[in-house]
Ligand code: ARG
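Numbering (my numbering), first residue to last: 1243 to 1509.
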């Protein structure tokens, strides 16, 4: 299924009602501290034996939907981490990006937020982050026939970005007299660029590179060296979970499986 169709499904709310690849859980013990094998872990989980994940599944190649199945680098990575922790993984239905950090902070609905979250000072006030699992830069994409070849030509223009992202913030702060247009969902940003509703898109470079494969009349004109680091968001109330995830992250780096995922999704 192509990206545009996923967008249509999301818009129709079809996906919200579908079970995810790993199955939707219901009920379970609040505040469990045991893994599937019954070991005392020191951390709490929404559902016993399961790591519940909130994600905005619109960000290939990191987290995306293939039909109703979450897929991507971060989805595979979470699968590996869950395996290390002897837990099942449970992706919630795709969640609006700018609601995920507050959801993790409030607790009760998800154990972690995994949505290519760049570690920022503002977010660090709300949640804890694990060690980083990816480094990226920002980018600018335009329609190939727009004649725009440099950021300086974007002055006073309409820039689209996903609401609440570092791309939105970068463009708002760095492009003179910019008119920012915020979207809930990444697919909608590229659709708006294609249709001429906006003049450019600001988004993490690997994601722009992925989208232009299907939006072939658009091109990435600029890499912006913002040096962003992705990490998993965890509640400040659950520091042992952050520690356990860091340990698992180190284990999958050491056993070579992390590198396999990089080769599969990011090269
Ligand atoms: N890295 C950017 C940020 O942290 C964008 C992340 C958007 N993620 C997504 N799954 N749509 O703000």
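Just so it is clear, CB atoms sit at the ideal spot from N, CA and C, and this is done for glycine as well.
Keep in mind the model is a prediction, meaning the values are calculated, not measured.
Between residue 1403 and residue 1477, the alpha-carbon positions lie close to 26 Å from each other. Short of 7 Å from the beta carbon of residue 1360, and not among the five residues preceding or following it, lie these beta carbons of its own chain, in chain order: 1408, 1470, 1471 and 1472.
With a threshold of 16 other beta carbon atoms within 10 Å, residue 1394 falls short and is exposed. Nearest C-alpha to residue 1499 among 1282, 1410, 1382 and 1316: 1316. The way I'd put it, the segment 1341-1348 doesn't touch the segment 1410-1417; fewer than three beta-carbon pairs between them come closer than 8 Å. For the segment 1416-1500, the full-length beta strand (DSSP E) segments reaching 3 residues or more read 1421-1425, 1442-1446 and 1460-1472 along the chain.
Just so you know, the alpha carbons of residue 1314 and residue 1418 end up roughly 35 Å apart. Scanning the segment 1338-1394 from its first residue to its last, the whole beta strand (DSSP E) runs of 3-plus residues come out as 1376-1385. In the DSSP assignment, residue 1322 falls within the alpha helix (DSSP H) that extends over 1315-1326. Under a 10 Å Cβ-count criterion, residue 1366 is classified as exposed, with fewer than 16 other Cβ atoms of the shown protein chains found around its own Cβ. Residue 1284: member of the beta strand (DSSP E) spanning 1282-1287, first to last residue. Per the Cβ contact rule, the segment 1332-1340 is not in contact with the segment 1437-1455 (fewer than 3 Cβ pairs under 8 Å). Residue pairing from DSSP places residue 1402 in a beta bridge opposite 1423 and 1443. Setting aside the 5 residues that flank it on each side, residue 1486 is surrounded in the same chain by 1283, 1285 and 1327, each with a C-beta closer than 7 Å to its C-beta; the list follows chain order. If you draw a straight line from the Cα of residue 1468 to the Cα of residue 1310, it comes to about 32 Å. Comparing alpha carbon positions, the residue from 1295, 1287, 1297 and 1306 closest to residue 1507 is 1306.
Within 10 angstroms of the beta-carbon of residue 1502 lie fewer than 16 other beta-carbons, which makes it exposed.
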